[in-house]
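Colleague:
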Amino acid sequence: MSKPRDFLARLFTLYLPLTVFLVFVLVPILWTLLTSLKTEREVLSGAAHLFPTMPTLGNYAEVWAQGSFSTYFLNSIFVSLTSVIFISTMSVMNGYALSRFRFRGKQAFMIVLLCTQLLPAVIFLVPLFMTFKAFHLINTPFSLIIFYTAMQAPFSTLLMKGFISNIPRQIDEAAMIDGASRGTIIFKIVMPLAVPGLVATAAFAFIGCWNEFIAAFTLISSNKFFTVPVGLKFMIGEYDVSYASLAAGSVIALVPAILLFAYIQRYLVEGLGSGSVKG
Amino acid sequence: MADIAPAPELVGGGVRLRRKRKFGWYPYLLIAPTVLLIAFVMAAPLVSVFDLGLQDYSLTHVADRSYVGLRNIKDILSKDEVFWTTVPTTIKWVILEVGLQLVFGLIVALLLNRKFPGRGIARSLMFVPWAVSGVLTTMLWLLIFNQHIGLLNEVLRALGLSKAPTAWIANPKTVFGSVAFAELWRGIPFFAITLLAALQTIPPEINESCAVDGCGPIKRLFYITLPFLKEAIVFSVLMRAIWEFNNVDLIFTMTNGGPVYLTTTLPIYMMQTAIINGNYGYGSALAAIIFTVLFVLTVVYLGLNKFGKAVDE
Amino acid sequence: MAKKSSIALAIILGTIVAVGAFAQTKATISFWAAAVTPERDQFFKSVVAKFEAANPGIHVDYLSVPGDLTSYRQKWDVAFAAGSDPDITNDFTAKQVEMGALEPLDKYFNAWKGKDSVNPALIAGNRTYDPKNHYLYALPYSAQPWVMWVRPDWFRKAGLKVPTTWNEFFSDVAKLTDKANDTYGTSIRGGGGSANTLEMLMYSYSGILSYFDESGKCTINNPKNVEFVERYLGLFDVSTPEDDLTKGWTQLAATFQSGKAAIVIHNLGSASSHFKAFEGDYSKFQAAPFPKSVKGYVQHPGLMPLGLTMSKNAKNKDAVWKFMAFYLSKEINSDYCKLYGEIPANKEAASADWINGLPYMSMGSKLLTSPSTKFSGTPYYLPGYSTIQTQMEPKIQQAMLKQITAKQLLDEWAQLLEKEKTAYDAKASK
């Protein structure tokens, strides 16, 4: 095979389509970034001014300090991270159960999981509020953690089931013959092999919690417990939208999510989930 | 406690062992926390949806609250024209979004699976639309599609492709496509990342031995890659379809279901009725219909896919 | 023996005093402020701080709720359903009265020293939400007039004057439209809130003061109203941008503030938003009264009842009233109205100098106090009033797209209002 042909092939089957998708994905984000560096007046003057005439970080400073964004940020981190830990643990356990066992009620369990997704969250709010109130959990971050875990667990479980199923059963059996307990098998043997899947699952779960709005807005009645999405809503007023502030706030909100994913995406590498079976 | 029979090769070659699967208590232990949590969170809401659906309960005439049995359901199915317009809109929305997101997501996943410099950065960037807050996404796309100060019209004008600025979100001809496009932007990363992770579980030896046998990339895609991805695709399509069905935020903020109900899906209609107009009884009946329809579809879908049974389950 | 019993007595008395002192801990009241932006948040925080300083025995649990009024009402609905609604809200709706969520304020108001400081017309307006007993369920703090916001610089350039009659309005709008340059005479609110605006404008045109005639028939489909709707909605995509079809207020504001339209209709409350957008340049934005109706007088929509409400579930009602009275003091009322662009309910504040210093405020104030301004009898008191408007909104879009006629639109609207009125009257007479 000739080198130039190789290169051309790669160009058309990899680099070109990749660039197209990246542009599609990034142009709106780039615009958000540029908007966050403009003044409000500039934003309204139209896209004709694509670039800010005098870029300013003022929006960021204002949003972080005056907008109490630092508080919302910390709340979101606490709620999201705690939820993700619970969600991941439960999804590994459930995924393993669904993948390795046949048991009565297995299908029913999957259906029950999916039932949580069949209605928009907004219709659940009144009874949910009353449930949490009865347990004195209303207006605490814990109500959100419980709700998010319940809402994210189903999808995470199904994902993990798929990933765990692709890990050969022989690995479990070999370990069992070596005398390992189920718990060790699940958490010390299978889970490490399912890391790519766990990474994707945790990333989605984190985003689901990080960006959730309606429950955080309704179940929390103290400014000090508001999360980032609710904080962003302050920029969208009854009479106008502070686009520049909204953009700045959103970029701030985006940073942890992207950093987290940038860190964990290195585990989306082939071969980690297989190959340790000697026939 | 051995709850699965040992693999055949360990018990004498060639003998097909009757695989007796005793279900022990272990799986129940594993799923118990989740079941309890879901029961705690969901029980009251589900019951209340069906209970309220049987009532005539509207905040504009609270004093007349009473049980009316299936009257709400009857009214919805026989008298409500808006309901019947939302049905095709919703179907169109779900099929279009899930279909396109799956196809493009798969392509992106395959691309991001290849080795190239800067791959880590590319993957992180591809994640961004999913990671961005919904609050921003809707405002962002509203601004992009804005007839006067929006990015899209500006770009089209600069490229000389349009003479007059289009009112993307207002024009009845373009509104559905515009909202669909915004959602597409947000949804592709979902499939891209999920399928990328699933791709990692394909043993590299299989691909290598296939290459040795001389099969090209297309054969490899259909005979190796897709079968391995089957379970991930089955479940992610199901989840995405359910989520798109129930997606109210984007549509509601961009168009409020309008103009003239062109972008009103069934959940949007339910939300307007129950939450905005305070007609909890009627709105809950709509919710009950949504729930039932999705429930039936889910059970059928899972049944057809054998509940995503893996190859050796 | 005497010593022992006197020690015991001392202990008992001491305990009583200690318990009494301990029991005098702060009374806590909760206040949810609606549709708060960072700016407004500062305002409310300062009010709360001032109030607590002046009333050391009361603690105010203040929550600023972001977003729009719809989101606020959603949140309130859920909290109320669970019995956790806040003691004080600043969003007064007929629905709350209907649901029995509010405490009547009459006994507090009548005993209040400052009761004459509040504009009596606003008090009377708030009482209309109670069909049977006319109790006062909210203490009004301002009046929110609706106005025409115009670009005086555009009018000057075209050699036109700001329209004072509706015929002038229609001809000016046509003259100021330059489609090629993407500038238009006006912009119509076709999305959320469209029905509210259209309704008030049609009555402003026809000069009909009452929504229902003596026989209970609704006047909304009166031929003059139909004529207006035909002319006004006929402007769509001719003298207005095409994307008006789905415009809510935020997009309408953006259209006006980005220099695409010469006239938009909104209440005085958006003044600060325009002020920011035009950098305080009054040659670029101005508030004007509605044009004169065909009957020759200026008619504006009836003032929507608003005010601070007290929850029936409030535990420290006296403390709540104290806060409400404080809110209506001249200083606080002025600060609020300056920020929100509303006319103070406190009579002294309403005639203060700063009002005349701000052109749009003095215009609003004159509008309200002028004897020649007439106000429509807008039936805010009908619990289903705003739900009917929401139902009409897709129909208005159909009318704009010429899928139905103005008459069909208004006939249906009339039917719904008549039904609602009948239900209301029945309840009032019970």
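Residue numbers (my numbering), protein chains in the order written: chain A, 1 to 279; chain B, 1001 to 1313; chain C, 2001 to 2430.
Cβ atoms here follow ideal geometry from the backbone N, Cα and C, with glycine treated the same way.
Nothing here was measured: the structure is a model prediction, and the numbers come from that model.
Given that glycine 1099 of chain B touches chain D, what residues does it touch there, using C-beta distances under 8 angstroms?
Modeller: Chain labels in this structure do not include chain D; the protein chains are A, B and C.
Colleague: I want to know whether the stretch 1238-1250 of chain B touches the stretch 235-245 of chain A - three or more CB-CB distances under 8 angstroms.
Modeller: A contact between stretches requires three or more CB pairs, one per stretch, nearer than 8 angstroms, and the stretch 1238-1250 of chain B fails this requirement with the stretch 235-245 of chain A.
Colleague: Report, in whole angstroms, the separation of the C-beta atoms of isoleucine 87 of chain A and alanine 205 of chain A, which I expect to be a contact under 8 angstroms.
Modeller: So it is a contact: roughly 4 angstroms between Cβ atoms.
Colleague: Quick one: grab the DSSP three-state call for alanine 2082 of chain C.
Modeller: coil
Colleague: Would serine 45 of chain A count as contacting chain C if we go by Cβ distances under 8 angstroms?
Modeller: True, the Cβ-Cβ gap to chain C drops below 8 angstroms.
Colleague: Taking 8 angstroms as the threshold (C-beta atoms), are serine 2064 of chain C and tyrosine 239 of chain A in contact?
Modeller: no
Colleague: For leucine 2410 of chain C, which residues in chain A fall below 9 angstroms Cβ to Cβ?
Modeller: Simply none; closest approach about 28 angstroms.
Colleague: What separation, rounded to the nearest whole angstrom, lies between the Cα atoms of tyrosine 1026 of chain B and phenylalanine 187 of chain A?
Modeller: The C-alpha of phenylalanine 187 of chain A is placed about 15 angstroms away from the C-alpha of tyrosine 1026 of chain B.
Colleague: Looking only at its own chain, which residues have a Cβ that is under 7 angstroms from the Cβ of leucine 2136 of chain C, when we skip the five neighbours before and after it?
Modeller: Pro2104, Leu2105, Asp2106, Phe2109, Ile2123, Asn2126 and Arg2127
Colleague: Start and end of the beta strand (DSSP E) containing threonine 2183 of chain C?
Modeller: In the DSSP assignment, threonine 2183 of chain C falls outside any beta strand (DSSP E) and carries neither an H nor an E.
Colleague: Counting pairs of beta carbons, one from the stretch 243-256 of chain A and one from the stretch 162-180 of chain A, are three or more of them closer than 8 angstroms?
Modeller: no
Colleague: Cβ closer than 8 angstroms: which chain A residues qualify as neighbours of serine 1048 of chain B?
Modeller: Val126 and Pro127, listed in chain order.
Colleague: Taking the beta carbon of methionine 2392 of chain C as the centre, do at least 16 other beta carbons fall within 10 Å, making it buried, or is it exposed?
Modeller: buried
Colleague: Output yes or no for whether 8 angstroms exceeds the beta carbon distance between proline 2140 of chain C and valine 2118 of chain C.
Modeller: yes
Colleague: Serine 68 of chain A and asparagine 211 of chain A - do their beta-carbons sit closer together than 8 angstroms?
Modeller: no
Colleague: Can you give me, in chain order, the residues of the stretch 205-237 of chain A that have a beta carbon less than 7 angstroms from any beta carbon in chain C?
Modeller: Phe217, Thr218, Ser221, Ser222, Asn223, Val230, Lys233, Phe234, Ile236 and Gly237
Colleague: Taking the alpha-carbon of glutamine 152 of chain A as reference, which of A:Ile220, A:Leu16 and A:Ile207 has the nearest alpha-carbon?
Modeller: Ranking A:Ile220, A:Leu16 and A:Ile207 by Cα distance to glutamine 152 of chain A puts A:Ile207 first.
Colleague: Report, in whole angstroms, the separation of the C-beta atoms of isoleucine 138 of chain A and serine 2084 of chain C, which I expect to be a contact under 8 angstroms.
Modeller: Isoleucine 138 of chain A to serine 2084 of chain C, Cβ: 7 angstroms. Contact.
Colleague: At the level of alpha carbons, what is the spacing between proline 2066 of chain C and tryptophan 2032 of chain C?
Modeller: 10 angstroms
Colleague: Can you give, in chain order, each stretch of the beta strand (DSSP E) that sits fully within the stretch 2282-2343 of chain C and has at least 3 residues?
Modeller: Those beta strand (DSSP E) runs which fall completely within the stretch 2282-2343 of chain C and span 3+ residues are 2286-2288 and 2308-2310.
Colleague: I need the straight-line Cα distance from leucine 2102 of chain C to aspartate 2061 of chain C, nearest angstrom please.
Modeller: 19 angstroms
Colleague: Alpha carbon to alpha carbon, how far is phenylalanine 2278 of chain C from lysine 2284 of chain C?
Modeller: 7 angstroms
Colleague: In the DSSP output, what is methionine 1126 of chain B paired with across the bridge?
Modeller: For methionine 1126 of chain B, which the question treats as bridged, DSSP gives no partner whatsoever.
Colleague: Would you kindly report the start and end of the unbroken beta strand (DSSP E) that includes aspartate 2061 of chain C?
Modeller: 2058-2064
Colleague: Please check if any C-beta of chain B sits within less than 8 angstroms of the C-beta of glutamine 2431 of chain C.
Modeller: Shown here, chain C extends from 2001 to 2430; a query on residue 2431 of chain C therefore has no answer.
Colleague: Distance, Cα to Cα, threonine 2183 of chain C vs glutamate 2412 of chain C?
Modeller: 34 angstroms
Colleague: As a quick exercise: from A:Ile146, A:Leu113 and A:Ala121, pick the residue whose alpha carbon is nearest that of threonine 82 of chain A.
Modeller: Closest option to threonine 82 of chain A, judged by alpha-carbon separation, among A:Ile146, A:Leu113 and A:Ala121: A:Ile146.
Colleague: Based on the DSSP output, what are the partners of serine 2142 of chain C in its beta bridges?
Modeller: C:Pro2344
Colleague: By the DSSP assignment, the alpha helix (DSSP H) with serine 2030 of chain C in it spans what residues?
Modeller: Taken as a continuous stretch (DSSP letters only), serine 2030 of chain C belongs to no alpha helix (DSSP H), being part of the beta strand (DSSP E) at 2027-2033.
Colleague: Can isoleucine 1165 of chain B and glutamine 1147 of chain B be called in contact, C-beta distance under 8 angstroms?
Modeller: Residue identity check: residue 1165 of chain B is proline in the sequence provided, not isoleucine. Their beta carbons are under 8 angstroms apart, which means proline 1165 of chain B touches glutamine 1147 of chain B by this criterion.
Colleague: Thinking C-alpha only, which one of B:Gly1303, B:Phe1228, B:Gly1177 and B:Lys1173 is nearest leucine 1199 of chain B?
Modeller: B:Phe1228
Colleague: Is any beta-carbon of chain C found at less than 8 angstroms from that of isoleucine 164 of chain A?
Modeller: no
Colleague: For glutamine 265 of chain A, is the classification buried or exposed, using 16 other Cβ atoms within 10 angstroms of its Cβ as the cut-off for buried?
Modeller: Buried is the label assigned to glutamine 265 of chain A, since at least 16 other Cβ atoms lie within 10 Å of its Cβ.
Colleague: Decide if glutamate 1081 of chain B is buried, meaning its Cβ has at least 16 other Cβ atoms within 10 Å, or exposed.
Modeller: Glutamate 1081 of chain B counts as exposed, since fewer than 16 other C-beta atoms from the protein chains shown sit within 10 angstroms of its C-beta.
Colleague: Compute the Euclidean distance between the alpha carbons of asparagine 1305 of chain B and arginine 102 of chain A, then round it to the nearest angstrom.
Modeller: Rounded to whole angstroms, asparagine 1305 of chain B to arginine 102 of chain A spans 16 angstroms at the Cα level.
Colleague: Under a three-way DSSP split, which group does asparagine 1977 of chain C fall into?
Modeller: Nothing in the structure corresponds to residue 1977 of chain C, since chain C is present only between 2001 and 2430.
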